[in-house]
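Down below is the structure, laid out as structure tokens.
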Amino acid sequence: MRHQRLLDAVTDGIQRVEDLAEALDVSPSTVRRGLTDLERAGKVVRTHGGAVPVPATGELSWTQKSRRNSAAKRRIAEYAADLVQEGDVVLLDAGSTTTFVAERLAERTGITVVTNGLGPLWALREAEGVDVLLTGGRLRQRRGSIVGEHTRGVLDRITADVAFLGADGLVPERGVNCPSPELAAVKELMLNRARRAVIVADSTKIGADPYPNWALIPGEHTVVTDAGIPEDARLRLAADPRCTPVVVAAGQAPSSPAPLPD
Numbered sequence: 001m002r003h004q005r006l007l008d009a010v011t012d013g014i015q016r017v018e019d020l021a022e023a024l025d026v027s028p029s030t031v032r033r034g035l036t037d038l039e040r041a042g043k044v045v046r047t048h049g050g051a052v053p054v055p056a057t058g059e060l061s062w063t064q065k066s067r068r069n070s071a072a073k074r075r076i077a078e079y080a081a082d083l084v085q086e087g088d089v090v091l092l093d094a095g096s097t098t099t100f101v102a103e104r105l106a107e108r109t110g111i112t113v114v115t116n117g118l119g120p121l122w123a124l125r126e127a128e129g130v131d132v133l134l135t136g137g138r139l140r141q142r143r144g145s146i147v148g149e150h151t152r153g154v155l156d157r158i159t160a161d162v163a164f165l166g167a168d169g170l171v172p173e174r175g176v177n178c179p180s181p182e183l184a185a186v187k188e189l190m191l192n193r194a195r196r197a198v199i200v201a202d203s204t205k206i207g208a209d210p211y212p213n214w215a216l217i218p219g220e221h222t223v224v225t226d227a228g229i230p231e232d233a234r235l236r237l238a239a240d241p242r243c244t245p246v247v248v249a250a251g252q253a254p255s256s257p258a259p260l261p262d
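Going by full-length UniProt numbering, the final residue of the sequence shown carries number 262, and the count climbs one at a time with no gaps.
Printed below as a string of structure tokens:
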């Protein structure tokens with residue numbers, strides 16, 4: 001089955017797997033494989049039982065992003081949250097995976113979270129044991145992220161123990177891919193203002209570069225991803241001397257990740 005036929009059908013409003021299979025005269029398993037390929041290419045967003053087309057702007061909303069690979073993102077978030085110790089100051093980037101990290105941190109006490117994201121802020125709204133600081137700045141409504149000069153001014157006056165950043169794409173030895181220069185500037189500043197930088201990115205993001213903007217990674221960092229990572233992407237991460245890569249396998253305890261091969 002040609003992927004363009006499948007994409008055209010989704011764009012035309014046929015969005016359930018069973019309906020797509022009937023319309024295209026193929027099996028549901030063929031449709032699911034095709035939708036997975038289209039999602040990796042950034043053409044569709046998988047939903048429960050089907051898919052929807054990516055908006056014409058090419059930039060997904062936070063709600064759409066949270067539905068993509070959500071099980072893998074939650075496993076990544078569980079592992080990441082376990083890196084936080086009592087007394088830590090934590091920087092949380094705006095994003096779907098970082099919001100799942102915030103959900104885990106909401107159960108903790110004795111930590112401070114500084115965020116520029118509405119998702120993490122909402123997840124922590126009733127966390128009585130967490131001191132929550134919002135950076136302030138200009139709201140990018142589609143992403144639920146706060147950016148701009150005020151945001152950078154607040155971050156520039158903070159030293160955090162750990163920063164968790166999401167990514168639209170991650171290219172080893174290049175940086176974190178972003179849909180706007182403003183987002184790239186905030187992410188890069190977060191990377192520079194933390195003693196430990198952790199990039200939480202599901203496997204579809206490793207090696208992806210859908211946008212022209214980059215947040216440069218200043219030095220040593222950890223990348224937490226899932227077991228769906230392709231072999232070539234594994235090797236690229238492992239070859240970056242500044243990177244400590246961690247793969248959290250499906251069904252595996254977050255505290256016992258599977259390390260990437262050398």
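No residue lacks a Cβ here, since even glycine has one placed at the ideal position from N, Cα and C.
TODO: Taking 9 Å as the cut-off, decide whether the C-beta atoms of residue 268 and glutamate 78 are in contact.
DONE: Summary: the structure shown does not reach residue 268, with the chain confined to residues 1 through 262, and so no result is reported for it.
TODO: Return helix, strand or coil for threonine 57, following the three-state DSSP convention.
DONE: In this prediction, threonine 57 has a pLDDT of 49, which is less than 50 and means its spatial position is unreliable; nothing more can be read from the coordinates.
Task: arginine 138 versus glycine 153 - alpha carbon distance - done: 12 Å
Task: Extent of the continuous alpha helix (DSSP H) to which asparagine 116 belongs - done: That residue, asparagine 116, is in no alpha helix (DSSP H); it is neither H nor E in DSSP.
Open item on the list: Check whether the stretch 210-220 and the stretch 170-180 touch, using three or more Cβ-Cβ pairs below 8 Å as the test.
Closed with: yes
- [ ] Assign alanine 27 to one of two classes, buried (16 or more other C-beta atoms within 10 Å of its C-beta) or exposed (fewer than that).
- [x] Sequence check: residue 27 is serine here, not alanine. Exposed.
Open item on the list: Output needed for leucine 38: all residues of its chain with C-beta closer than 8 Å, excluding positions within five of it in sequence on either side, in chain order.
Closed with: His3, Leu6, Leu7, Val10, Val44 and Ala51
- [ ] Let me know if aspartate 232 comes out buried or exposed under the rule of 16 or more other beta-carbons within 10 Å of its beta-carbon.
- [x] exposed
TODO: Pick helix, strand or coil for residue 275, following the three-state DSSP scheme.
DONE: Absent from the structure is residue 275, since the part of the chain shown begins at 1 and ends at 262.
Open item on the list: Given a cut-off of 9 Å on the beta-carbon distance, is the pair aspartate 235 and alanine 201 in contact?
Closed with: Note on residue identity: the sequence assigns leucine, not aspartate, to residue 235. Cβ distance not < 9 Å, so leucine 235 and alanine 201 don't count as in contact.
TODO: Sort out for me which residues DSSP pairs histidine 221 with in a bridge.
DONE: DSSP lists Cys243 as partners of histidine 221.
TODO: Please say whether threonine 115 and aspartate 131 have beta carbons closer to each other than 9 Å?
DONE: No.
Open item on the list: Let's test the definition: count the other Cβ atoms within 10 Å of the Cβ of alanine 239 and tell me whether it reaches 16, buried, or not, exposed.
Closed with: exposed
Open item on the list: What does the alpha-carbon distance come out to for the pair aspartate 88 and glutamate 149?
Closed with: Cα to Cα, the separation comes out at about 26 Å.
Open item on the list: I'd like the list of long-range same chain contacts for aspartate 12, defined as Cβ closer than 8 Å, with 5 residues on each side in sequence excluded.
Closed with: Non-local C-beta neighbours of aspartate 12 in its own chain, meaning closer than 8 Å and more than five positions away in sequence, are absent.
Task: aspartate 226, buried or exposed, once every other Cβ within 10 Å from all chains shown has been counted against 16 - done: Buried, because 16 or more other Cβ atoms sit within 10 Å of the Cβ of aspartate 226.
TODO: Return the chain-ordered ranges of every alpha helix (DSSP H) run that is complete within the stretch 163-210 and spans a minimum of 4 residues.
DONE: Within the stretch 163-210, the complete alpha helix (DSSP H) runs of at least 4 residues are 181-192.
- [ ] Measure the C-alpha to C-alpha separation of glycine 129 and isoleucine 111 and round it to an integer number of angstroms.
- [x] 7 Å
Open item on the list: In whole angstroms, give me the CA-to-CA distance for threonine 57 and arginine 142.
Closed with: Since pLDDT at threonine 57 reaches only 49, below the 50 mark, its modelled position is unreliable, and the value read off the structure follows with that caveat. The alpha-carbon atoms of threonine 57 and arginine 142 are separated by roughly 11 Å.
Open item on the list: As an exercise, report each continuous alpha helix (DSSP H) stretch of at least 4 residues that is fully enclosed by the stretch 96-158, in chain order.
Closed with: Here the runs fully enclosed are 96-105, 118-123 and 149-155.
TODO: Give me the Cα-Cα distance between leucine 91 and threonine 36, rounded to the nearest whole angstrom.
DONE: Linking leucine 91 to threonine 36 through their CA atoms gives a straight-line distance of about 32 Å.
Open item on the list: Looking only at its chain, what residues have a beta carbon closer than 8 Å to the beta carbon of arginine 193, apart from the 5 residues adjacent to it on each side?
Closed with: For arginine 193, where only same-chain residues beyond five positions count, the Cβ hits under 8 Å are Leu91, Leu155, Asp156, Ile158, Thr159, Ala160 and Ala163.
Task: The alpha helix (DSSP H) enclosing leucine 6, as first and last residue numbers - done: Leucine 6 -> alpha helix (DSSP H) spans 3-11.
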